[in-house]
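Input: a single structure, listed below in structure tokens.
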Amino acid sequence: MFGQGTFRIRCDWGLTGAQQLLGTSSATDCVVVVVDVLSFSTSTSIAVSRGAAVYPYRWHHRDDQLAAYAKQQGAVPAVGRLEASRPDALSLSPARLAQLPGLPARIVLPSPNGATISAWCAERTTQVFAGCVRNASALGAFLGRALYDEPGLTVSVIAAGEQWPDGTLRPAVEDLWGAGAVIAATGVPREDLSYEARAAADAFLSVRDDLRAALPATGSGIELAQRGFEDDVRYAAQLDADHVTPRLVDGAFRA
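In my numbering, the protein residues as written are 97 to 351.
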């Protein structure tokens, strides 16, 4: 009952929302777009646009397997923003990934939201993309063409959200905007959008011309600024700065 019917573009929140939407689609007929604007998908878009392959990693507190997984992939693991004490350290920071003089060819990005959802979806469908404000038009145009060419195709856009201290989902409006940016850019007729997808597109269109001011004023934007990561918010708000469609292939997002 939560599969959003026969609409071609659907939208939901978090891992549970992805599980509900993918439960009503076949693996070959469903595209998933994971949107985690202030961390994972924006970092992925920037890294992929700079030529790197990004391996999403299901992050857990005190996970001692990250280094082993990265070694297995021949990749360099990123750390959390607050853990990146060295100026050349890789972290889940869009600004740092954009500003580092050079990036490794392969990067592992662990996160509890975007990366975890991406890894789960990759086990159930062959087409998983990372979407954000920065690559909304490029990805939306790609999806619009795919939907036109393949009448049986559906697109599930997942706003990752954040987590409250108790681990429950905190809907994050920036992810709703990012999801809506991708949906609006598909050019798909409104009647083919679920009402959830329409709401996301409308939410984005309401702030499209004011993103640079709106994003820093969100709860997540304020949180990052208070921790000293204002630049991450600034990079995340740059609409259509990247022209890539990062797709998860063989365990890594690639252009």
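Glycine is no exception: its CB is placed at the ideal position from the N, C-alpha and C atoms. None of these values were measured; they are calculated from a predicted model.
- For ASP245, the enclosing alpha helix (DSSP H) covers residues 232-245.
- With a cutoff of 8 Å on beta-carbon distance, VAL129 and VAL278 are scored as near each other.
- Bridge partners of GLN223 according to DSSP: VAL127.
- Beta-bridge analysis with DSSP links TRP109 to ALA255.
- By the Cβ rule, the region 264-274 does not count as touching the region 235-243, because fewer than three pairs are nearer than 8 Å.
- When the beta-carbon positions are compared, ASP328 and ASN209 stay at least 8 Å from each other.
- LEU118 is a Cβ neighbour of SER252, given a cutoff of 8 Å.
- If you draw a straight line from the Cα of THR138 to the Cα of ALA332, it comes to about 6 Å.
- Between SER233 and ASP336, the C-beta gap is smaller than 8 Å, which places the two residues in contact.
- If you ignore the 5 residues before and after SER145, its C-beta comes within less than 6 Å of the C-beta of ASP338, VAL340, all in its own chain and listed in chain order.
- A residue is called buried once 16 or more other Cβ atoms fall within 10 Å of its Cβ, and ILE142 is buried on that count.
- Taking 4 residues as the minimum length, the alpha helix (DSSP H) runs contained wholly in the region 246-324 are 269-281, 291-303, 307-310, 315-322, in order along the chain.
- Taking C-beta separations shorter than 7 Å and ignoring five residues to either side along the sequence, the partners of TRP155 in its chain run PRO206, SER207, PRO208, ALA211, THR212, following chain order.
- Put simply, of ALA321, GLY276, CYS126 the residue whose alpha carbon is nearest the alpha carbon of ASP298 is GLY276.
- A contact between stretches requires three or more CB pairs, one per stretch, nearer than 8 Å, and the region 158-175 meets this requirement with the region 186-200.
- By the CB criterion at 8 Å, GLY170 and ARG202 fall inside the cutoff.
- The shortest CA-to-CA distance from ASP305 to any of GLN334, ALA348, GLY101 is the one to GLN334.
- Taken through DSSP and simplified to helix, strand or coil, LEU118 comes out as helix.
- Of PRO285, PRO200, PHE103, TYR151, the smallest CA-CA separation from LEU249 is found for PHE103.
- Measuring C-alpha to C-alpha distances from ALA226 to each of GLY101, LEU344, ILE105 identifies LEU344 as the nearest.
- Remark: C-beta atoms of THR282 and GLY236 approach each other more closely than 8 Å.
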